[in-house]
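In the working numbering, the protein residues as written are 29 to 315.
For reference, the structure discussed in these notes is given below.
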């Protein structure tokens with residue numbers, strides 16, 4: 029009985045060993061077959077690519093039809109080339125568009141980088157109506173030159189306020205820093221009627237008009253407004269002209285503190301055309 033059990037165990041061991049050898053031989057055989065097929069396919073692909081190159085050089089048609097054994101390889105090659113070129117052109121077009129936009133809006137690239145570091149502080153106010161203004165253009169008790177523009181539009185049309193306040197024609201600075209300030213005034217000079225100042229002795233002489241624009245700031249530590257910018261223009265035209273149109277523009281970068289106020293004065297408020305696209309005033313934080 030014991031001897032028969034030993035023979036049975038030996039037979040099982042031999043069977044397992046033979047099965048293992050068979051699996052190993054099968055694995056080696058199929059690995060060899062797969063390697064041969066891979067090499068064959070690789071050589072076939074290379075030959076197809078070489079033939080495609082020859083066709084390109086000779087100027088022949090690459091589309092040999094689906095019956096051509098090289099057709100899948102060439103189609104895949106075309107697809108990869110088109111995808112690569114599409115991604116490349118997409119990146120180049122995006123870079124070119126962003127570069128052109130940044131030329132028009134230089135703050136575009138810095139805005140993306142600095143938007144999380146500081147709030148947007150800017151204002152652009154435009155020509156408004158003098159209705160319901162107590163004393164339009166009245167001088168500030170001789171403390172400033174010219175007449176103050178008392179009314180600006182801050183909400184409609186092209187005008188806006190971002191984290192800045194407009195009060196009594198004055199922009200109030202909410203944060204200390206360097207600000208870019210600008211202003212344009214549009215003058216419409218009318219020719220005086222006959223019999224007005226000038227007399228007969230100046231009948232044939234040209235008429236002279238002076239136009240001035242001032243930008244002031246008011247600070248709490250100083251009693252009088254401080255002149256920041258001044259621009260002047262003298263015009264001369266024939267008395268035969270009914271009126272003349274002129275504009276004055278000035279801008280600059282100024283250091284301002286919290287609570288400072290900015291306003292604009294002109295030499296003669298009655299000659300200013302308060303159109304939103306012609307007369308405007310604004311400031312924005314630079315740094």
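Glycine is no exception: its CB is placed at the ideal position from the N, C-alpha and C atoms.
Straight through space, the alpha carbons of residue 237 and residue 251 are spaced by roughly 32 Å. With a cut-off of 8 Å on Cβ pairs, the stretch 172-188 is not in contact with the stretch 201-209, counting fewer than three such pairs. Under DSSP, residue 151 shares a beta bridge with 189 and 311. Residue 289: member of the beta strand (DSSP E) spanning 289-294, first to last residue.
A direct Cα-to-Cα measurement between residue 301 and residue 189 gives close to 22 Å. By the neighbour-count criterion, in which 16 or more other beta carbons inside 10 Å mark a residue as buried, residue 53 falls on the exposed side. Within its own chain, the residues whose Cβ lies closer than 8 Å to the Cβ of residue 202, once the five positions on either side in sequence are excluded, are 149, 191, 192, 193 and 286, listed in chain order. The beta-carbon separation of residue 282 and residue 256, rounded to 6 Å, stays under the 8 Å limit for a contact.
A residue is called buried once 16 or more other Cβ atoms fall within 10 Å of its Cβ, and residue 214 is buried on that count. Scanning its chain for C-beta atoms nearer than 8 Å, with the 5 sequence neighbours on each side dropped, one finds around residue 244 the residues 172, 253, 254, 255, 256, 290, 291, 292 and 293, in chain order. Residue 239 and residue 212 have their C-alpha atoms spaced approximately 12 Å apart. According to the DSSP assignment, residue 200 belongs to the beta strand (DSSP E) that extends over 198-200.
DSSP places residue 53 in the helix class (H, G or I) of the three-state scheme.
Pairing residue 200 with residue 310, the inter-Cα distance amounts to about 11 Å. By the CB criterion at 9 Å, residue 284 and residue 204 fall inside the cutoff.
By the criterion of a C-beta distance shorter than 7 Å, residue 181 is surrounded in its chain by 153, 154, 155, 156, 187 and 304, once the five residues flanking it on both sides are discounted. Only residues of its own chain outside the window of five on either side were considered, and among them 154 and 304 have a CB closer than 8 Å to the CB of residue 185, listed in chain order.
Its Cα nearest to that of residue 277, the residue 258 stands out among 115, 262, 58 and 258.
The secondary-structure analysis by DSSP pairs residue 281 across a beta bridge with 208. DSSP, reduced to helix, strand and coil, places residue 172 outside both helices and strands of the structure shown, so it counts as coil. In summary, residue 110 is exposed, with fewer than 16 beta-carbon neighbours lying within 10 Å of its beta-carbon over all protein chains present. By the neighbour-count criterion, in which 16 or more other beta carbons inside 10 Å mark a residue as buried, residue 119 falls on the exposed side.
Residue 56 has its alpha-carbon roughly 11 Å from the corresponding atom of residue 49. Between the alpha carbons of residue 196 and residue 114 lies a distance of about 57 Å.
The C-beta separation of residue 217 from residue 299 comes to about 6 Å, placing the pair in contact by the 8 Å criterion.
DSSP links residue 115 through a beta bridge to no other residue.
When 315, 275 and 314 are compared, the shortest CA-CA separation from residue 307 is found for 275.
Residues of the same chain with a CB within less than 6 Å of the CB of residue 279, apart from the 5 flanking positions on each side, are 210 in chain order.
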